[in-house]
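I have placed the structure first, in the form of structure tokens, so that the comments after it can refer back to it.
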Amino acid sequence: MPCWRNWNAPLSRTVMNPPAQLLFPWISIPERRLTLLRLQVSLLFRMIQVPCCEVQEPNKAQLPPKTSAAAQLDELMAHLCDMQTQVAAKADASKKHLANKQDQKASLDSMLGGLEQDLQDLGIATVPKGHCASCQKPIAGKAIHALGQAWHPEHFVCAHCKEEIGCSPFFERSGLAYCPKDYHHLFSPRCAYCAAPILDKVLTAMNQTWHPEHFFCSHCGEVFGAEGFHEKDKKPYCRKDFLAMFSPKCGGCNRPVLENYLSAMDTVWHPECFVCGDCFSSFSAGSFFELDGRPYCELHYHQRRGTLCRGCGQPITGRCISAMGHKFHPEHFVCAFCLTQLSKGVFREQDDKTYCQPCFHKLFPL
127 MPCWRNWNAP LSRTVMNPPA QLLFPWISIP ERRLTLLRLQ VSLLFRMIQV
177 PCCEVQEPNK AQLPPKTSAA AQLDELMAHL CDMQTQVAAK ADASKKHLAN
227 KQDQKASLDS MLGGLEQDLQ DLGIATVPKG HCASCQKPIA GKAIHALGQA
277 WHPEHFVCAH CKEEIGCSPF FERSGLAYCP KDYHHLFSPR CAYCAAPILD
327 KVLTAMNQTW HPEHFFCSHC GEVFGAEGFH EKDKKPYCRK DFLAMFSPKC
377 GGCNRPVLEN YLSAMDTVWH PECFVCGDCF SSFSAGSFFE LDGRPYCELH
427 YHQRRGTLCR GCGQPITGRC ISAMGHKFHP EHFVCAFCLT QLSKGVFREQ
477 DDKTYCQPCF HKLFPL
């Protein structure tokens with residue numbers, strides 16, 4: 127015959143309340159308590175499902191005080207009923223219209239708060255990890271601490287490409303995180319030769335940045351060493367090529383003039399190269415004669431000009447007499463036999479020699 131029973135009364139200790147240490151020696155104390163509560167709830171529902179034909183009203187008597195396990199069971203059952211009511215209400219509302227997002231968020235926060243409280247009641251501590259700097263929501267699981275803030279792993283992303291950074295290396299710029307690829311693409315200096323970002327060593331020259339292997343001579347392609355470089359028209363050159371291409375050339379040997387030089391005839395000369403174009407003697411007296419862009423001593427200048435005296439072989443610097451395709455000093459234009467000066471300019475020629483009239487008739491009679 128079924129009878130009414132007070133479910134708040136303590137159950138037999140041998141049936142419902144065995145020591146948790148004996149039942150589950152391998153489980154921690156908070157987990158033992160939680161497991162024990164679950165067993166109590168399960169047994170309770172099984173007993174509720176027993177059919178009852180007639181229930182007799184028990185005599186009203188003073189109930190024994192609740193045990194701590196029973197009190198926790200009542201509290202847990204009440205919380206489960208509240209959750210079931212909330213879920214049912216939301217299911218009915220969803221059939222009519224969309225639920226309000228703010229209400230859903232508040233309900234979820236309430237449920238999470240209740241669960242956290244239950245865990246704390248059972249002795250399971252929950253340590254807050256802060257709020258995500260991206261979504262501003264609490265971080266319950268794994269967290270990433272970077273830039274002085276906490277993040278959900280999936281929310282700690284590159285500010286440019288939005289790819290998840292996670293625990294990978296990153297660069298910081300203006301308080302934002304960037305993956306290495308985007309950081310170098312956006313902010314690293316670029317090589318003046320290849321225009322690619324410079325990731326490692328950077329060389330600065332000519333107000334530009336270069337990869338060290340890309341800063342080389344514009345003519346021969348050799349990388350510059352300790353001797354440095356020379357600049358011309360915004361291009362770098364090694365010393366050898368710069369001097370060969372841009373330094374002044376000697377008018378004698380056409381090689382670059384590097385140190386001491388002479389300036390003459392609108393060009394520069396090595397001192398050892400500024401000599402007579404015929405006899406190669408230096409101009410010790412400091413004077414020279416120019417002919418066709420070349421320097422000459424006085425003798426060879428007049429020789430090339432055809433102004434050497436036919437009589438003495440010396441240069442003619444003043445008045446001269448031209449005869450037989452030659453030039454003469456006036457005092458050296460004489461008869462080849464009597465040496466009389468032919469001052470009047472009248473002479474006779476024989477075998478490329480000059481004669482006065484009397485000597486010519488004597489020596490060469492008709």
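Just so you know, we're using this note's numbering here: the sequence shown kicks off at 127 and counts up by one.
Yeah, the Cβ is synthetic: ideal placement off N, Cα and C, and Gly gets one too.
From a predicted model like this one, the values you see are computed outputs, not experimental measurements.
Taking every protein chain shown into account, the CB of residue 372 has fewer than 16 other CB atoms within 10 angstroms, so this residue is exposed. Residue state for residue 470 is assigned as coil, using DSSP reduced to three classes.
Looking only at 324, 345, 406, the smallest Cα-Cα distance to residue 361 is reached by 345. Looking at the DSSP output, residue 389 sits in a beta bridge with 394. Scanning the stretch 273 to 317 for uninterrupted alpha helix (DSSP H) segments of 4 residues or longer gives 306 to 313, listed from N- to C-terminal end. Only buried fits residue 453, as 16 or more other CB atoms lie within 10 angstroms of its CB. When C-alpha distances from residue 485 are compared across 369, 469, 477, 465, the shortest belongs to 465.
Closest in alpha carbon position to residue 391, among 420, 439, 320, 398, is 420.
The stretch 386 to 406 makes contact with the stretch 422 to 439: 3 or more CB pairs, one atom from each, lie closer than 8 Å. Residue environment: residue 276 is assigned as buried (16 or more neighbouring CB atoms within 10 Å of its CB, all protein chains considered). DSSP places residue 488 within a helical segment (H, G or I) once states are collapsed to three. In the three-state reduction of the DSSP assignment, residue 366 falls in the helix class. Per DSSP, residue 424 lies in no beta strand (DSSP E) segment; the continuous alpha helix (DSSP H) that holds it begins and ends at 424 to 431. DSSP, reduced to helix, strand and coil, places residue 372 within a helical segment of the structure shown. Just measuring C-alpha positions, the residue of 394, 316, 350 sitting nearest residue 334 is 316. CA-to-CA, the gap between residue 370 and residue 332 works out to about 21 Å.
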